[in-house]
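These protein sequences, in sequence, are chains A and B.
Numbered by our numbering, the letters in the first sequence go through residues 1 to 232 in order.
Numbered by our numbering, the letters in the second sequence go through residues 233 to 464 in order.
Everything below concerns the one structure shown next.
Number of protein chains: 2
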Amino acid sequence: MSPRIKYECSCVECKLKTLFFDKVETSQLELVCSSKIEHQYQKGEFIIREGDFINDFIYLKSGLVKLTRQTADDKEQILSFAKPFDFVSLLSVFSSKRYHYSVIALENTSICILSLDDVKKTILQNGLFSLNLMEKLSEATDNIILDNLEIKRKHLRGRVAHVLIYFSEFIYGKKTIQLPVSRKEIAEYIGMTTENVIRTLSEFKKDGIIRTYGKDIDIVDHERLKAISQHG
Amino acid sequence: MSPRIKYECSCVECKLKTLFFDKVETSQLELVCSSKIEHQYQKGEFIIREGDFINDFIYLKSGLVKLTRQTADDKEQILSFAKPFDFVSLLSVFSSKRYHYSVIALENTSICILSLDDVKKTILQNGLFSLNLMEKLSEATDNIILDNLEIKRKHLRGRVAHVLIYFSEFIYGKKTIQLPVSRKEIAEYIGMTTENVIRTLSEFKKDGIIRTYGKDIDIVDHERLKAISQHG
DNA sequence: AGAACCTTGTGATAAATATCATAAACTGAC
DNA sequence: GTCAGTTTATGATATTTATCACAAGGTTCT
């Protein structure tokens with residue numbers, strides 16, 4: 001366990017303040033902020049372990065993570081990916097004692113840890129905060145559900161295309177990216193085998209839809225990839 | 233459009249009060265309750281249409297519904313089913329202007345319609361209500377996500393078994409049930425073709441796992457069905 | 001540098017699922 | 001009651017995906 005470093009309260013200036021503290025006056029912020037802990041994780045480290053008790057309210061400051069769970073037949077299954085402003089400790093936080101999933105850093109990641117009790121106290125005291133938080137919760141879970149539905153309705157090629165577009169458009173916002181996940185992780189996300197993910201990427205390459213330089217992927221024919229994602 | 237019948241405020245005695253008004257004093261309940269409208273739907277009727285503006289906060293009083301959406305390739309896709317105490321207008325309510333899905337009655341169903349604005353006002357005023365509501369929201373969306381993940385990791389037989397167990401255990405709580413959905417709807421839920429759902433049910437029947445009398449289904453070998461559901 | 005391990009990659013084959021065709025049973029409208 | 005449309009049902013075939021087998025390239029540890 002790496003050391004937990006406690007900083008001065010900087011929530012007031014933090015960009016992430018807009019996430020759910022937007023409408024909270026500075027004075028109200030103090031309670032939540034006073035218990036705040038920042039923490040850094042290296043690529044591959046566990047931030048949350050499935051089964052852990054939920055005592056904290058966690059959100060991403062920088063980096064990228066995957067949410068993953070162990071299935072009954074002992075395989076990994078990826079629920080979703082999350083970047084800053086997406087939520088992290090969203091699922092279950094208010095309805096379960098323990099996490100139903102693990103959170104693992106895909107890049108070097110830093111998070112803010114608030115005491116869940118303090119957040120709950122703030123909810124009790126501050127209606128605007130509650131409403132704002134509810135909106136964020138609702139949006140985050142909505143996105144996970146809709147994304148999983150989209151994946152479910154598509155076939156292998158469409159699913160792989162979907163993931164490429166997801167990282168290119170939503171995570172990095174550019175066409176040349178370094179995929180932050182392995183082929184195996186893509187497979188765990190879309191519910192196909194690793195071999196078939198690799199094969200599909202090879203096909204996309206052969207068809208001139210993408211180019212790869214080592215770990216880097218360049219989306220050459222964005223239109224075509226999008227079409228594949230839509231239909232197939 | 234059938235007429236909207238307005239009743240006296242009976243929320244105080246309503247069993248569903250426990251759903252989210254549990255910790256709300258009667259006096260506070262008046263605001264939300266005064267705008268309450270009850271409404272009945274026949275099997276097959278739309279309660280919510282995908283794309284509709286979200287003005288209401290809706291929950292089930294009795295009956296059973298499906299949440300469904302239209303995919304880009306113009307097929308129906310079922311997100312989940314909901315019975316009373318499950319949430320209905322849960323997704324998107326706090327984060328979107330329009331519904332991302334339709335809600336359709338599978339049985340005769342009655343709902344309570346509250347003004348979303350009034351619910352929001354209550355959130356602003358009543359912290360306990362907010363926290364309680366957040367727990368319900370969190371639980372409902374969690375269940376949808378976990379259920380969809382379970383389905384995603386299973387194969388045809390496991391998925392069909394999953395649905396049978398879902399209706400038998402969670403919806404009706406008995407082994408002899410009248411399936412409230414068609415084979416086509418099961419297919420739309422689990423992401424397989426109608427033919428294969430029918431075939432699989434025939435196999436279960438042939439293997440002595442279930443018996444069917446017209447629309448009724450009797451789960452004979454619950455253990456075996458559960459094993460099929462687990463592994464796939 | 002080498003050993004052990006993991007990721008990527010490719011091919012052959014097996015298994016699962018979709019598609020197409022056809023028909024009986026049921027349902028609603030007239 | 002009959003017609004049209006839908007649901008259930010089953011079989012044959014095509015397509016998609018998984019499994020198995022093997023190899024090259026990377027990474028980590030020593």
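In this text, a Cβ means the ideal position worked out from N, Cα and C, and glycines have one as well.
Computed from a predicted model, the values in this text were never measured in an experiment.
- Contact list for the region 40 to 70 of chain A against chain B, Cβ threshold 9 Å: R69
- Message: Less than 8 Å between the C-beta atoms of K368(B) and F326(B), yes or no?
- Response: Taking the second sequence and counting its residues from 1, the one referred to as residue 368(B) is at position 136. Taking the second sequence and counting its residues from 1, the one referred to as residue 326(B) is at position 94. No, the pair does not count as a contact, with Cβ atoms beyond the cut-off.
- Under 8 Å between beta-carbons, which chain A residues line up against H332(B)? List them in chain order, please. For the purposes of this step, residue 332(B) is identified with residue 100 of the second sequence, where counting begins at 1. Simply D142, L146.
- Close Cβ partners of T432(B) (< 7 Å) along its chain, the five nearest in sequence each way excluded: Sequence index remark: in the second sequence, residue 432(B) carries index 200 (1-based). Result list for T432(B): L388, R389, V392, in chain order.
- Beta-carbon separation (whole angstroms), F285(B) vs I336(B), contact threshold 8 Å: Residue 285(B) sits at position 53 when you count from the first residue of the second sequence. Residue 336(B) sits at position 104 when you count from the first residue of the second sequence. The Cβ separation is near 18 Å, so there is no contact.
- F170(A) burial status per 10 Å Cβ neighbour count (16 or more: buried): Translated into the one-based positions of the first sequence, residue 170(A) becomes position 170. Exposed, because fewer than 16 other Cβ atoms sit within 10 Å of the Cβ of F170(A).
- Would you verify that the beta carbon of R159(A) is, or is not, closer than 8 Å to some beta carbon of chain B? Start at 1 with the first residue of the first sequence, and residue 159(A) comes out as number 159. No, R159(A) lies away from the interface with chain B (no Cβ there is under 8 Å from its Cβ).
- Query: Can you name the start and end residues of the alpha helix (DSSP H) that K438(B) belongs to?
  - Reply: Residue 438(B) sits at position 206 when you count from the first residue of the second sequence. Segment 426 to 438, the alpha helix (DSSP H) holding K438(B).
- Item | Assigned exposure category for A140(A) - 16 Cβ within 10 Å defines buried | Stepping through the first sequence from its first residue, residue 140(A) is reached at position 140. By the neighbour-count rule (16 or more Cβ atoms within 10 Å), A140(A) is buried.
- Item | Segment contact flag, the region 337 to 356 of chain B with the region 138 to 154 of chain A, C-beta cutoff 8 Å, min 3 pairs | no
- chain A contacts from the region 302 to 316 of chain B (Cβ-Cβ distance under 8 Å): T303, A304, D305, K307, Q309, L311
- Item | Residues near G173(A) in its chain [Cβ-Cβ closer than 6 Å; skip 5 each side] | To locate residue 173(A), count along the first sequence from 1; it is residue 173. Closer than 6 Å at Cβ, skipping near neighbours: no residue.
- Count the other C-beta atoms from every protein chain shown that fall within 10 angstroms of the C-beta of T425(B), then say buried if there are 16 or more, exposed otherwise. Position 193 of the second sequence holds residue 425(B). Its Cβ having fewer than 16 others within 10 Å, T425(B) is exposed.
- Query: When the distance is taken between beta carbons, is I451(B) closer than 8 Å to I460(B)?
  - Reply: Translated into positions along the second sequence, residue 460(B) becomes position 228. Translated into positions along the second sequence, residue 451(B) becomes position 219. Result no, Cβ atoms of I460(B) and I451(B) do not sit closer than 8 Å.
- Collapsed DSSP secondary structure at S92(A) in the structure displayed: Within the first sequence, residue 92(A) is the residue found at index 92, counting from 1. It is coil, neither helix nor strand.
- Beta-carbon proximity check, D118(A) vs L64(A), cutoff 8 Å: Residue mapping note: residue 118(A) aligns to position 118 of the first sequence, counting from 1. Residue mapping note: residue 64(A) aligns to position 64 of the first sequence, counting from 1. No, these two residues do not count as a Cβ contact at 8 Å.
- Task: State the Cα-Cα distance for the pair L60(A) and T71(A), rounded to the nearest angstrom.
- Result: Residue 60(A) sits at position 60 when you count from the first residue of the first sequence. Residue 71(A) sits at position 71 when you count from the first residue of the first sequence. Answer to the nearest angstrom: the Cα atoms are 25 Å apart.
- Classification of T394(B) by the beta-carbon crowding that lies within 10 angstroms, buried from 16 upward: Position 162 of the second sequence, counted from the first residue, corresponds to residue 394(B). The question names Thr, but residue 394(B) in the sequence shown is His. With 16 or more other Cβ atoms within 10 Å, it is buried.
- Item | Residue(s) in a DSSP beta bridge with H271(B) | Taking the second sequence and counting its residues from 1, one reaches residue 271(B) at position 39. For H271(B), which the question treats as bridged, DSSP gives the partners I343(B).
- Message: I'd like to know if L106(A) contacts chain B, where contact means its C-beta is closer than 8 Å to some C-beta of that chain.
- Response: Here residue 106(A) corresponds to residue number 106 of the first sequence, with the count starting at 1. Closer than 8 Å: no.
- Task: To the nearest angstrom, report how far apart Q42(A) and S62(A) are at their CA atoms.
- Result: If you number the first sequence from 1, residue 42(A) lands on position 42. If you number the first sequence from 1, residue 62(A) lands on position 62. So the two alpha carbons sit approximately 12 Å from each other.
- Query: So which of K447(B), G446(B), R456(B) has the shortest CA-CA distance to G440(B)?
  - Reply: For the purposes of this step, residue 440(B) is identified with residue 208 of the second sequence, where counting begins at 1. Answer by Cα proximity: R456(B).
- Task: Report the residues of the region 117 to 142 of chain A with a CB closer than 8 Å to any CB of chain B, ordered along the chain.
- Result: K120, I123, L124, Q125, N126, G127, L128, S130, L131, L133, M134, E135, K136, L137, S138, E139, T141, D142
- Rank H100(A), Q230(A), F57(A), N126(A) by C-alpha distance to the C-alpha of I111(A) and give the top, closest one. For the purposes of this step, residue 111(A) is taken as residue 111 along the first sequence, with counting starting at 1. Nearest of H100(A), Q230(A), F57(A), N126(A) to I111(A), Cα basis: F57(A).
- Please report how far the alpha carbon of A314(B) lies from the alpha carbon of K298(B), in whole angstroms. If you number the second sequence from 1, residue 314(B) lands on position 82. If you number the second sequence from 1, residue 298(B) lands on position 66. Their backbone Cα atoms lie some 6 Å apart in a straight line.
- Grab the span of the alpha helix (DSSP H) containing T71(A) for me, first residue to last. To locate residue 71(A), count along the first sequence from 1; it is residue 71. Unbroken run through T71(A): none, as it is neither H nor E.
- Query: Under 8 Å, do E188(A) and E76(A) count as touching if we go by C-beta distance?
  - Reply: Locating residue 188(A) in the first sequence gives position 188, counting from the first residue. Locating residue 76(A) in the first sequence gives position 76, counting from the first residue. Contact flag set, yes.
- Mind checking who L292(B) pairs with in its DSSP beta bridge? For the purposes of this step, residue 292(B) is taken as the residue at position 60 of the second sequence. DSSP, once it has assigned bridges, lists I343(B) as partnering L292(B).
- Message: On the DSSP letters alone, give me the boundaries of the beta strand (DSSP E) that V220(A) sits inside.
- Response: Mapped onto the first sequence, residue 220(A) falls at position 220. Premise fails: V220(A) is in no beta strand (DSSP E) and is neither H nor E.
- Taking buried to mean at least 16 other C-beta atoms within 10 Å of its own C-beta, is E185(A) buried or exposed? Counted from its first residue, the first sequence places residue 185(A) at position 185. Buried, by the Cβ-count rule.
- Report the residue from K175(A), D221(A), L164(A) whose alpha carbon sits nearest the alpha carbon of I198(A). Here residue 198(A) corresponds to residue number 198 of the first sequence, with the count starting at 1. Looking at the Cα atoms, L164(A) is the closest of the given residues.
- Expressed to the nearest angstrom, what Euclidean distance is found between the alpha-carbon atoms of I377(B) and D73(A)? Along the second sequence, read from residue 1 onward, the residue named residue 377(B) stands at position 145. Along the first sequence, read from residue 1 onward, the residue named residue 73(A) stands at position 73. Between I377(B) and D73(A), the C-alpha separation is close to 18 Å.
- In the DSSP assignment, find the beta strand (DSSP E) that holds S182(A) and state where it starts and stops. Looking up residue 182(A) in the first sequence gives position 182. Taken as a continuous stretch (DSSP letters only), S182(A) belongs to no beta strand (DSSP E), as it is neither H nor E.
- Item | Contact belief for I177(A) with I217(A) at Cβ below 8 Å, rounded distance in angstroms | Reading the first sequence from its first residue, position 177 is the one you call residue 177(A). Reading the first sequence from its first residue, position 217 is the one you call residue 217(A). That belief holds up - the Cβ atoms of I177(A) and I217(A) are roughly 6 Å apart, short of 8 Å.
- How about Q395(B): is its C-beta nearer than 8 Å to some C-beta of chain A? Counting from one through the second sequence, the residue named residue 395(B) turns up at place 163. The question names Gln, but residue 395(B) is Val in the sequence shown. Answer no: the Cβ-Cβ gap between V395(B) and chain A never drops below 8 Å.
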